[in-house]
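Residue numbers (this note's numbering): 245 to 595.
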């Protein structure tokens, strides 16, 4: 399968988001800098420009959005960034127990083979090669620059507390492997590779989660509704088309806990080109006060003193599931705008 053909997955991606793919690999911002992109898509009807960044750093990708936005004041610029490498996800899949968790026995087994040197190399390939192959294929299929893979791998590895290795007693043989396996297990269990992209308010695309069938579907570009469903399952589609009720729940979770504040948050989302879609939790409820009341009725939020909204344990459970998905980058954008406006308001009061 050629690299050129593999790059065509972005045509399906853009079409699924209601935008027209354009054959460009860079775009110029107000600074005069040209930014590398995987794809550009234009939605003339709703005046949106979707950029699939080729930058290895989420902060740079976020700055690209601002740089390009200045040149198009009447168009809303949205940025997504594909990630083809996730050390934690790969480790959990290759050395996992089938439930998305690392299996320490599997890790120790692999380390034991590695410790055998050349004699264990072939055994290691036979045991774990087939499970590792899809992730290597995903890196090639993504068409991202090699530098992007290297930088992502380094950034993820750097987030691990390697200094804790000093606290592990120096032991040899099986005991040493078990101790290192435990360290490996603990460090990779909760590593979140998408966190920085969400923090910068852009949409990460975890291409490492795409199966061979997914790649073929994207490449063919015929089953767009199925592509949309796959993007929903990844939490990507909801960044561009957030359900009104889940966005409301997220705003409440971040302290925007009155109908007025929720309304402002939804307005900011739409202003930035995020089109509100039909509810995911509460069907057939449109008005904000009614949505908030229904969320309370379902036991997802509580009303405390001073009209302060808090989440129940059920609400926190729902939010914990949503919080790690790509669509959460939208809430980061909204939260930062609220913070800036609050700071400005406080400065006015202190004059």
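We treat Cβ as the ideally placed atom computed from N, Cα and C, and that holds for glycine. On a predicted model such as this, the values are computed, not experimentally measured, just so you know.
Terminal residues of the beta strand (DSSP E) in which residue 516 lies: Segment: none, residue 516 is in no beta strand (DSSP E) and carries neither H nor E.
Contact belief for residue 510 with residue 488 at Cβ below 8 Å, rounded distance in angstroms: 7 Å
Simplified DSSP assignment, three categories, for residue 494: helix
Of the listed residues 461, 264 and 335, nearest to residue 401 (C-alpha basis): 335
Per DSSP, cross-strand counterpart(s) of residue 292: 287 and 320
Span of the beta strand (DSSP E) around residue 448: 447 to 450
The beta strand (DSSP E) enclosing residue 271, as first and last residue numbers: 270 to 272
Simplified DSSP state of residue 397, which is helix, strand or coil: helix
Cβ-Cβ separation, residue 484 to residue 322 (assumed contact under 8 Å), whole Å: Right, the Cβ-Cβ distance comes to about 6 Å (below 8 Å), so this counts as a contact.
Euclidean distance between Cα positions of residue 460 and residue 454: Rounded to the nearest whole angstrom, the C-alpha separation of residue 460 and residue 454 is 10 Å.
Bridge partner(s) assigned by DSSP for residue 280: 270
Where residue 559 falls: helix, strand or coil (DSSP): Note: residue 559 maps to helix in three-state DSSP.
Beta-bridge partners of residue 265, as assigned by DSSP: 285
Environment of residue 464 [buried if 16+ CB atoms lie within 10 Å]: Under this definition residue 464 is an exposed residue.
8 Å Cβ cutoff met for residue 534 and residue 577: no
Residue 571 CB to nearest heavy atom of the ligand MG below 7 Å: The ligand MG is not among the ligands present in this structure, which contains no ligands whatsoever.
Segments of 3+ residues assigned as beta strand (DSSP E) that fall wholly inside the region 441 to 484: 447 to 450
Residue 288 versus residue 320 - alpha carbon distance: Near 11 Å, if we compare the C-alpha coordinates of residue 320 and residue 288.
Sequence-distant residues of its chain with Cβ nearer than 8 Å to residue 341 (five each side left out): 347 and 350
As assigned by DSSP and simplified to three states, the class of residue 256: helix
Cβ distance (whole Å) where residue 442 is taken to contact residue 573 below 8 Å: The pair is a contact, with the Cβ atoms about 4 Å apart (cut-off 8 Å).
Sequence-distant residues of the same chain with beta carbon closer than 7 Å to residue 451, five excluded per side: 326, 327, 328, 382 and 386
Per-residue DSSP class, three states only, for residue 374: helix
Those residues which DSSP pairs with residue 325 across a bridge: 448
Through-space distance from residue 297 to residue 519, alpha-carbon basis: 21 Å
Proximal residues to residue 275 (C-beta, below 6 Å), its chain only, five neighbours per side dropped: 311
Beta-carbon gap between residue 286 and residue 270 smaller than 8 Å: In terms of Cβ geometry, residue 286 and residue 270 do not form a close pair [threshold 8 Å].
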